[in-house]
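Shown next, in structure tokens, is the structure this report addresses.
Residue numbers (the numbering used here), protein chains in the order written: chain P, 99 to 178; chain E, 282 to 477.
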């Protein structure tokens, strides 16, 4: 059980709802972490922009970045 | 997610212990840098950094360090606040199962693809989708109750007779979860429709 209640689509403003819809379309879910951070919409929207800037296409292959994310999450015992 | 981006099963399994897996030198350098930056307060030894720099430009090193930093941030947030693993939305999962069932070339491909969708979308530890007129022995009893709280089996029924099964195991206590059972039963109905 999460310590903080995660927000649903009906509990967030229009901007965050649009971000949620994009996740649902692209990956089939809205990550629980982002539903949790949604309690602070300004932090969530900048977090997602930062996430995309780092994990999207850049100077390092996206597949290697995914491998690094999996490795770090494994070390931290976090089921990414 | 990593697998969707073309990272093979072998590489994903190598991530359990990158130092011993034969990754290409650039990938290994990045992974060992990630380990050094993640274990402890992030004091990366000079030889680890030098090896990384031998393969990547300054801009690339910055990008790699931000990936490692971002996931340390996310992992710690999730661990501290007990944020639960995210499962695929049931509606989206059923849509994907329907698509896979409709486009698979052979029955065995259909079963394999559906098993893959279940494993990825619901984070099951094990998924077995099989054909036969009897449920697997270990699944006898209501939903495989004998196998513990993390196991669940539903029959695939064609014209009222058992024609196969979906058997899953999870770290979550799914045996008594009505939502999980009803979702798997819907998947079983979709598979049954293709066998009728």
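Note that the Cβ used here is the ideal one computed from N, Cα and C, for glycine as well. Everything numeric in this text was worked out from a predicted model, so none of it was measured.
Three-state secondary structure (DSSP) of residue i
i	result
residue 440/E	coil
residue 333/E	helix
residue 398/E	helix
residue 101/P	coil
residue 135/P	helix
residue 452/E	coil
residue 447/E	strand
residue 432/E	strand
residue 298/E	coil
residue 113/P	helix
residue 350/E	helix
residue 158/P	coil
Closer than 7 Å to chain P by CB, residue i
i	result
residue 340/E	yes
residue 345/E	yes
residue 365/E	yes
residue 370/E	yes
residue 465/E	no
residue 378/E	no
residue 315/E	yes
residue 352/E	yes
residue 423/E	Because the pLDDT of residue 423/E is 49, which lies under 50, any placement of that residue in the model is unreliable, and the number read from its coordinates should be weighed accordingly. Chain P contact via Cβ: absent.
residue 362/E	yes
residue 319/E	yes
residue 288/E	yes
residue 247/E	Lying outside 282 to 477, the shown extent of chain E, residue 247/E is not represented and no answer is given.
residue 348/E	yes
Contact with chain E by residue i, beta-carbon distance below 7 Å
i	result
residue 115/P	no
residue 156/P	yes
residue 102/P	yes
residue 138/P	no
residue 107/P	no
residue 134/P	yes
residue 152/P	yes
Exposed unless 16 or more other CB atoms sit within 10 angstroms - verdict on residue i
i	result
residue 472/E	buried
residue 437/E	buried
residue 480/E	A question about residue 480/E goes unanswered here, because the residues of chain E that appear run from 282 up to 477.
residue 133/P	buried
residue 138/P	exposed
residue 305/E	exposed
residue 448/E	buried
residue 459/E	exposed
residue 457/E	exposed
Contact set between residue i and chain A, taken where Cβ atoms lie within less than 8 Å
i	result
residue 297/E	Going by chain labels, chain A is absent from the structure shown, which instead holds the protein chains P and E.
Contacts that residue i makes with chain P (C-beta to C-beta distance below 8 Å)
i	result
residue 308/E	162, 165
Closer than 8 Å at the beta carbon, the chain E residues around residue i
i	result
residue 149/P	351
residue 122/P	370, 373
residue 126/P	369, 370, 373, 374, 377, 402
residue 110/P	Simply none; closest approach about 16 Å.
Neighbour list for residue i in chain P, Cβ cutoff strictly below 9 Å
i	result
residue 357/E	174, 176
Beta-carbon neighbours of residue i, restricted to chain P and to distances below 7 Å
i	result
residue 292/E	165
* Unbroken stretches of the beta strand (DSSP E), 3 residues or longer, contained in the region 358-404 of chain E -> none
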